[in-house]
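Here is the structure we will look at.
Residue numbers (UniProt numbering): 1 to 314.
Next comes the structure, spelled out in C-alpha cells:
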C-alpha cells in the first residue's frame with residue numbers, strides 16, 4: 001500500500017491522463033490587440049491607422065508592408081491591405097492625466113490603463129468596452145456613446161454620420177466576417193464611382209477639344225466629282241481640277257480660293273504667299289537678306305553657292 005519511507009502515492013501519480021491544452025491568457029491577448037500593432041507587434045504609437053475589419057496598426061508598419069510585395073500575399077493578418085487608401089488614420093482622444101512609465105520590478109502595472117479614451121463618456125480604450133471608429137473621418141467612440149447619444153452627425157468633428165461607415169475595433173470572429181462583406185461591397189462601389197468620373201472627364205476633354213478646332217466658313221458646296229488624273233501635288237500644295245475646268249489649291253486639306261469653284265476660304269499670311277520675296281521686304285535687314293541667293297552679292301559671285309572645296313584648297 002505504501003512505498004519505502006512510509007509515503008502513500010496519489011492517484012494522479014499512478015494513472016497518466018491526457019494533458020489539457022494550454023489556454024490563452026485573456027488579459028495578455030487583450031493587451032496585444034489594443035496596445036500593439038497587428039503587423040509588427042510593436043507598441044502602438046501615432047500615427048495609428050485601422051483597416052476595414054477593425055485591426056489596429058502603426059502607419060509606418062503598414063507602409064513597409066505595402067512596399068514589400070511578398071509580405072502582402074504571405075501575411076494572413078494584413079493580406080487585404082495593398083495600398084494606403086485601404087486603411088484610415090484614427091482621430092484619437094488622449095487621456096489628460098496619462099503618464100507613460102517604464103515598468104520596474106517592484107511596481108504594479110495596471111494593464112487596463114489606456115492612453116486614449118472616448119471623447120463622450122471618458123471610458124478607457126483598453127478592450128473592456130467596445131469601441132468603434134467612423135471610416136470617413138476616423139473619429140473613435142465607445143459603444144455606450146453611440147447608444148446613449150443618438151445623432152446623425154459625428155460627436156467629435158460634426159461631419160454627417162452614416163451607419164454603414166461605423167466599424168467595430170478588434171471585434172469577434174462573427175463581426176469580422178460581416179465587416180469583410182462590407183469591405184468587398186465598399187470597394188466595388190468605389191470602383192464604379194471611379195469609372196464614372198473617368199468617363200465624365202473623357203467626355204469633357206472631347207468637348208473642349210472640339211470647341212478649340214478651327215471652324216472654316218463654307219462658301220459654296222462643291223457638287224462636281226473629281227478624278228485622280230486631275231490632281232497634282234506641287235511644293236506641298238494640292239492642285240485639283242474640276243469638271244468645269246476651274247482649278248483649286250489645297251494645303252493640308254483646306255482649299256485656297258482660286259476662282260468660283262473653290263469650296264472654302266483660307267487667308268494665308270504675307271510671307272506664305274507665292275509673290276513674297278525676302279529681297280523686297282523693307283522690314284528685313286541687309287545682313288539677313290545676304291543669307292539668301294536672291295541678294296545682289298550672291299548674284300555677282302564667280303561660283304555658285306553649292307560648289308564646295310576641301311579645306312586644304314584654301
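We put the CB at the ideal spot given by N, CA and C, even for glycine.
Fair warning: this is a prediction, and the values are worked out from it, not measured in the lab.
Legend entry - Neighbour-count burial assignment, residue 142, 16 or more Cβ in a 10 Å radius: Its Cβ being crowded by 16 or more others within 10 Å, residue 142 is buried.
Inset, instruction - Please report how far the alpha carbon of residue 37 lies from the alpha carbon of residue 197, in whole angstroms. - result: Cα-Cα distance, rounded: 36 Å.
Legend entry - residue 116 and residue 95 closer than 9 Å at C-beta: Against a cut-off of 9 Å, the Cβ pair of residue 95 and residue 116 comes out as a contact.
Inset, instruction - Determine which residues share a DSSP beta bridge with residue 91 and list them. - result: Paired residues: 139.
Legend entry - Residue(s) in a DSSP beta bridge with residue 153: DSSP lists 160 as the beta-bridge partner residues of residue 153.
Legend entry - Burial state of residue 231 (16 or more Cβ within 10 Å): Caution is warranted here: a pLDDT of 49 is assigned to residue 231, below 50, making its placement in the model unreliable, and the coordinate value is therefore given only provisionally. Exposed: under 16 other Cβ atoms inside 10 Å.
Inset, instruction - For residue 50, write down the residues that DSSP places opposite it in a beta bridge. - result: For residue 50, which the question treats as bridged, DSSP gives the partners 56 and 88.
Inset, instruction - Compute the minimum distance between the beta carbon of residue 132 and the heavy atoms of the ligand ADP, and state whether it is under 8 Å. - result: Absence of the ligand ADP is noted for the structure shown, with no ligands found whatsoever.
Inset, instruction - With DSSP collapsed to three states, give me the class of residue 9. - result: Of the three classes helix, strand and coil, the one that applies to residue 9 here is coil, per DSSP.
Inset, instruction - Count the C-beta pairs between the stretch 55 to 69 and the stretch 125 to 132 that are closer than 8 Å, then say yes if the count reaches three, no if not. - result: No, because fewer than three Cβ pairs between the stretch 55 to 69 and the stretch 125 to 132 fall closer than 8 Å, the two stretches do not touch.
Inset, instruction - Can you grab the Cα-Cα spacing for the pair residue 52 / residue 75, in whole Å? - result: Taking the CA atoms as reference points, residue 52 sits about 16 Å from residue 75.
Inset, instruction - Work out the CA separation of residue 30 and residue 82 for me, nearest whole Å. - result: A straight line joining the alpha-carbon of residue 82 with that of residue 30 spans about 26 Å.
Inset, instruction - Would you identify the three-state DSSP class for residue 109, choosing helix, strand or coil? - result: Residue state for residue 109 is assigned as coil, using DSSP reduced to three classes.
Legend entry - Inter-residue Cα distance where the pair is residue 62 and residue 176: Residue 62 and residue 176: Cα-Cα distance of roughly 20 Å.
Legend entry - Same chain only: Cβ atoms within 6 Å of residue 119, ignoring 5 sequence neighbours per side: Counting only Cβ-Cβ distances below 6 Å, and skipping sequence neighbours, we find 93 and 156.
Inset, instruction - Enumerate in chain order the residues of its own chain whose CB-to-CB distance from residue 47 is below 6 Å, with the five nearest sequence positions on each side excluded. - result: These residues qualify, in order along the chain: 59 and 89.
Inset, instruction - Determine the direct distance from the alpha carbon of residue 113 to that of residue 40, and round the result to whole angstroms. - result: A direct Cα-Cα distance of roughly 22 Å separates residue 40 from residue 113.
Inset, instruction - Using the DSSP secondary-structure output, state which residues sit across from residue 132 in a beta bridge. - result: Per DSSP, 141 and 168.
Inset, instruction - State the CB to CB distance for the pair residue 297 and residue 290, rounded to an integer number of angstroms; the pair is presumed to be in contact (CB under 8 Å). - result: Between the beta-carbon of residue 297 and that of residue 290 there is about 6 Å, and that keeps the pair under the 8 Å contact cut.
Legend entry - Other residues of its chain near residue 152: CB distance less than 6 Å, five sequence neighbours each side excluded: Contacts found: 161.
Legend entry - Contacting residues, own chain, Cβ-Cβ under 6 Å from residue 302 (five flanking each side not counted): Apart from sequence neighbours up to five positions away, no residue of its chain approaches residue 302 with a beta-carbon distance below 6 Å.
Inset, instruction - With DSSP as the reference, label residue 267 as helix, strand or coil. - result: In the three-state reduction of the DSSP assignment, residue 267 falls in the coil class.
Inset, instruction - Compare the beta carbon distance of residue 111 and residue 170 with 9 Å and say whether it is the shorter of the two. - result: No; because the gap between Cβ atoms is not below 9 Å, this pair is not in contact.
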